[in-house]
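Residue numbers (the working numbering), protein chains in the order written: chain L, 13 to 128; chain W, 13 to 258; chain C, 172 to 653.
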């Protein structure tokens, strides 16, 4: 029966695992922001980045993993991040639509008017 | 989470908390990757939804149900619907799939990969973070409670009664229900605490009395006003412009 | 159940397979919930056809399966299963295939947190109602994706309308849901349901005039958010062929349908729990029997029977809600999109906000509700349930408890000499109360009341004085009666 219960599934996960997930989402989001040319694609990357940060906050706040955790502060930080992300998305989307209306494109590489 | 500590009676038992963590984490990371490598903007939005929903599962597994539900509600239900809206409003053949240069990909992946390596290295560098004793401690507490109850039953003569009549005392019942709550629901008082902290009362740290540390009333107000400003601003920016007929 | 099964499996000699028990239990839950949706959809579709027939002065299905056409939906289902699965050439094939499952999964997972009777819930969450609302909001994704992926203009129009409608109606819906939460002081659906036990006057809809008003707003918003007529702009047959469903056929189409009927039941079930006492019948029959005979409502055979009774109550209420929705669908003409949004923003939101403030003041000033005037004690199902007010004051209780714990630890640190003196304690507690009192309102009488409640609650926490507390409440309710 050993093969049914490998160590990786019987050991409780620790804080590190959650941080790794957060880091992965963060990096994916960052790469997404760097490589996408579509304005909305970049926005999606930002969402992922913020989400990765959020997972870290919540993981550090959880009493499951550490005795002296962040407590309420972590949860509230995460909440504020979520709310501000929603606000940011709304404004950025409005800007993107405006940009699309004025220039008939959503390619960020074409937005170079201020380049001089 | 309710799964925690249910499966801890002996060592070689599958830990469902871990299993679910791996499932949810794999979904979240996998769909994030899918989003990164997909070039169709609508599919990207779809992958983002699943990734974010699974990420809320990860948050649920840390025991903070309120934040997890908030994530589902605002991110998945609000923000991404907005994004899809934007996608649909701007989706024209030329913009649905926009290719990136191979050089950009290589550069971004190298930088991203090394950043990820660095962050994971940092996350796993602390020995104490690899695993947690929370479940074991909980099990120990339950065992201790069992012992205590048996001892007190023997001491005050309840043990001689019939099994039917062996009632717990009020204190014991409260401890028991508290333990049961912690086993089944994690820490349910958290939601109330978050609510109280948002109106300026910290129940978890009564010792901190200095100004600015007592609660989150001011940030809460600022965020509310900020949201209002954003509401108006976004509506103004995105409004339909009346092109003057020339 | 899981614990029982796992020990049983281990005892039966299958060592190392204990984990299987948990999987089995999860599967049982999932199968039960899936059946609720599937059977529910079958029944509701049959009901819809029958009711619409009667409303339009015809018979509806009569032949399949006996006199009333019982098996009509089943036959339809078999027909749908055997249909060819078409996909338009313009479609985005992956998203087109996935969209129905997204819609169905969202509707299905909302059922996870819906209690069907006292404690009979797949996932007992402390934030049940919030979770439900969040998951319900995700159903729009399926529709959006379907509309986009179909590659048809009708579908896209339908999906856009649907998205606009759902996103706007989430605002008044959320505000309506906040009101019962505010009265009950918890987001736990099981607790909200249990607080309405007793005579039907204890139901939240009879709590005060504002809750009576808000229920109708909630129901209207609920219909809009599940996309039913007269708000079914997304599939307006007369304008958009079938909206986002235009290109779908066969099993995928029926998945959308199941999701729709599932969420209809969900919305009316939620209405039943929040406003109509959930699984508590109009008369507390089981409570009275339990008091007369001393049979426990907590555990045992009688409790199970009582819960079955509750289940029947709950399902009856839910089905009644769905019937009303069907009735509305076949009686009202469809609204235009601008009328839909107008109704949401100009009527529902202000009314909901007004009711919110009204309920706030009503509970703040402690106006009488029907129940206190009739002076009928609600026989509670639980020993440790001490009334609605107490759950609300639980928040204050938390503050008090932590403050007192902190003082104790301070006293311990200071040494054995300095015991926590009564004066000191009172001053601190008084401070705290003042803070709370100011927050609640500026009423000068309020803090005093609060102190009493606090102390009572605090004592209750230490379990010295739960009996006196109950007595106090009783006397209070009697006073109210006089």
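Where is the CB? At the ideal position from N, CA and C, for every residue including glycine.
DSSP state of residue i, grouped into three classes?
i: residue 374 of chain C; result: coil
i: residue 288 of chain C; result: strand
i: residue 256 of chain C; result: coil
i: residue 297 of chain C; result: coil
i: residue 121 of chain L; result: helix
i: residue 50 of chain L; result: strand
i: residue 398 of chain C; result: coil
i: residue 81 of chain L; result: coil
i: residue 114 of chain L; result: helix
i: residue 63 of chain L; result: helix
i: residue 208 of chain C; result: helix
i: residue 536 of chain C; result: coil
i: residue 27 of chain W; result: coil
i: residue 380 of chain C; result: helix
i: residue 142 of chain W; result: coil
i: residue 238 of chain C; result: coil
i: residue 29 of chain L; result: helix
i: residue 413 of chain C; result: coil
i: residue 332 of chain C; result: helix
i: residue 466 of chain C; result: coil
i: residue 589 of chain C; result: Note on residue 589 of chain C: pLDDT 43, under 50, position unreliable in the model; the coordinate value appears next. Three-state result, residue 589 of chain C: coil.
i: residue 63 of chain W; result: helix
i: residue 85 of chain W; result: helix
i: residue 447 of chain C; result: coil
Go ahead and label residue i buried or exposed: buried means 16 or more other beta carbons lie within 10 angstroms of its beta carbon, across all protein chains shown.
i: residue 162 of chain W; result: exposed
i: residue 25 of chain L; result: buried
i: residue 602 of chain C; result: Here residue 602 of chain C scores only 42 on pLDDT, less than 50, and its place in the model should not be relied on; the value that follows carries that caveat. Its Cβ having fewer than 16 others within 10 Å, residue 602 of chain C is exposed.
i: residue 50 of chain W; result: buried
i: residue 76 of chain L; result: buried
i: residue 192 of chain W; result: exposed
i: residue 289 of chain C; result: buried
i: residue 116 of chain L; result: exposed
i: residue 475 of chain C; result: exposed
i: residue 423 of chain C; result: buried
i: residue 535 of chain C; result: exposed
i: residue 256 of chain C; result: exposed
i: residue 454 of chain C; result: exposed
i: residue 263 of chain C; result: buried
i: residue 217 of chain C; result: buried
Could you name the residues of the same chain whose beta carbon sits closer than 6 Å to that of residue i, not counting the 5 residues immediately before and after it, in chain order?
i: residue 486 of chain C; result: none
i: residue 228 of chain W; result: 209, 210
i: residue 489 of chain C; result: 436, 439, 440, 443
i: residue 282 of chain C; result: 204
i: residue 451 of chain C; result: 367, 368
i: residue 236 of chain C; result: 242
i: residue 232 of chain C; result: 220, 240, 243
i: residue 41 of chain L; result: 57, 60, 61
i: residue 126 of chain L; result: none
i: residue 296 of chain C; result: 284, 302
i: residue 321 of chain C; result: 262, 418
If you drop the 5 nearest sequence neighbours on each side, which residues of the same chain put their C-beta closer than 8 Å to that of residue i?
i: residue 352 of chain C; result: 300, 358, 363
i: residue 406 of chain C; result: 329, 398, 413, 414, 415, 416
i: residue 203 of chain W; result: 77, 78
i: residue 105 of chain L; result: 52, 55
i: residue 33 of chain W; result: 70, 73
i: residue 511 of chain C; result: 336, 395, 402, 404
Excluding the 5 residues flanking residue i on each side, which residues of the same chain have their C-beta closer than 7 Å to its C-beta?
i: residue 325 of chain C; result: 411, 412, 414, 417
i: residue 184 of chain W; result: 161
i: residue 207 of chain C; result: 282
i: residue 200 of chain C; result: 293
i: residue 527 of chain C; result: 346, 349, 350
Just checking, does the stretch 413-429 of chain C make contact with the stretch 188-202 of chain C on the three C-beta pairs under 8 Å criterion?
-> no
Using 8 Å as the Cβ pair cut-off and three pairs as the minimum, do the stretch 92-103 of chain W and the stretch 329-338 of chain C touch?
-> Touching, per the Cβ criterion.
Is the stretch 58-75 of chain W close to the stretch 31-47 of chain W, with three or more CB pairs under 8 Å?
-> At 8 Å Cβ cutoff, the stretches touch.
Indicate whether the contact test is met: 3 or more Cβ pairs, each with one atom in the stretch 423-434 of chain C and one in the stretch 273-280 of chain C, closer than 8 Å.
-> yes
Does the stretch 302-320 of chain C touch the stretch 72-91 of chain W, meaning 3 or more C-beta pairs lie closer than 8 Å?
-> yes
contact_flag[the stretch 48-60 of chain L, the stretch 79-87 of chain L] where n(CB pairs < 8 Å) is 3 or more = No: fewer than three Cβ pairs fall under 8 Å.
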